[in-house]
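Position 62, counted from 1, in the sequence shown is what our numbering calls 80; the numbers after and before it change by one each time, with no gaps. Positions of the beta carbon are idealized from the N, C-alpha and C atoms, including for glycine. Worksheet: one structure, shown below.
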Amino acid sequence: MMYEWPESLRDVYWCMNQVNAWITSCRRGTFNKFNSKNYRKAGASDSNWCFLHALQAACFGLDRADLVTRELWSKFWLSKGNDFTEGVGGTDVDAFLNFLRAKRVSLVTLFKNLQKKLLSSTAVLERRARTLDPGHYIVYAAEHSIEHYLTLVVTDPVMIYDDYNVDKDPPCLLEPLQKLDWLTHSYEIRLVALPRPTRSKKSKKGSNEKSRN
């Protein structure tokens with residue numbers, strides 16, 4: 019007979035409920051598909067809006083905290099009829115990114131996932147971060163079945179923002195990556211970057227004429 023500490027079993031009943039719900043649904047499709055659609059949502063924060071907070075923290079780090087506001091988020095969830103208090107899934111993230119694009123918020127790099135395979139620890143995430151260009155990234159990570167978004171700041175050393183509270187000054191603080199000792203999975207890394215300023219054709223033409231003179 020083996021004894022398990024209660025903290026080791028904290029997710030067991032939740033997982034059993036997932037399987038029971040799948041059985042009750044007459045086992046439509048595989049369990050993984052059912053789980054992804056109904057349970058895989060990132061929301062490891064008080065409001066379950068960790069995706070929004072990670073994106074806001076990245077914009078704060080870029081000195082553009084005005085880009086993604088709570089008001090903009092409210093307009094989005096009101097349009098969807100869902101306040102996402104149970105967290106956000108992959109389709110919700112894509113929908114919000116499309117919403118931002120429709121509102122002409124220029125963060126187009128967010129549509130590309132820079133992580134090609136599952137990362138299994140904080141140390142592996144740090145090694146991957148050191149292959150990336152310096153900048154701000156949002157990371158979709160998890161501790162087993164508890165999923166969470168955070169902001170990765172690729173600098174030396176690699177740092178993170180792990181929360182965002184607009185009512186505080188500053189709304190977020192840089193912390194060492196090693197704080198993520200709970201991380202068991204990392205699914206996505208997305209770059210948050212401002213568009214590069216474009217030179218107008220007129221100014222380019224003027225500079226060419228000046229060089230000929």
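Sorted by chain position, which residues of the same chain lie with C-beta nearer than 7 Å to residue i's C-beta, five sequence neighbours on each side aside?
{"i": "D101", "result": "W95"}
From residue i to residue j, what distance separates their C-alpha atoms?
{"i": "I178", "j": "D110", "result": "23 Å"}
{"i": "K121", "j": "K98", "result": "15 Å"}
{"i": "A76", "j": "I41", "result": "41 Å"}
{"i": "F69", "j": "V157", "result": "9 Å"}
{"i": "V86", "j": "N66", "result": "17 Å"}
{"i": "D112", "j": "T140", "result": "26 Å"}
{"i": "T127", "j": "A211", "result": "7 Å"}
{"i": "D84", "j": "K186", "result": "15 Å"}
{"i": "R119", "j": "G108", "result": "17 Å"}
Please state the DSSP three-state secondary structure of residue i.
{"i": "E161", "result": "strand"}
{"i": "V86", "result": "coil"}
{"i": "S204", "result": "strand"}
{"i": "S92", "result": "helix"}
{"i": "G153", "result": "strand"}
{"i": "L73", "result": "helix"}
{"i": "T109", "result": "helix"}
{"i": "L80", "result": "coil"}
{"i": "E193", "result": "strand"}
Under a Cβ-count criterion, where at least 16 other Cβ atoms within 10 Å of its own Cβ denotes burial, should residue i be classed as buried or exposed?
{"i": "D181", "result": "buried"}
{"i": "Q74", "result": "buried"}
{"i": "L209", "result": "buried"}
{"i": "L191", "result": "exposed"}
{"i": "H154", "result": "buried"}
{"i": "F114", "result": "buried"}
{"i": "F129", "result": "exposed"}
{"i": "H71", "result": "buried"}
Tell me which same chain residues have a C-beta within less than 6 Å of the C-beta of residue i, skipping the five on either side of it?
{"i": "A160", "result": "H203"}
{"i": "Y16", "result": "Nothing about residue 16 can be reported from this structure: the residues present for the chain run from 19 to 231 only."}
Considering only residues of the same chain and omitting the five flanking positions on each side of residue i, which have a CB-CB separation below 8 Å?
{"i": "N197", "result": "At residue 197 the sequence reads Lys, which differs from the Asn that was named. The answer, listed in chain order, is I178 and D180."}
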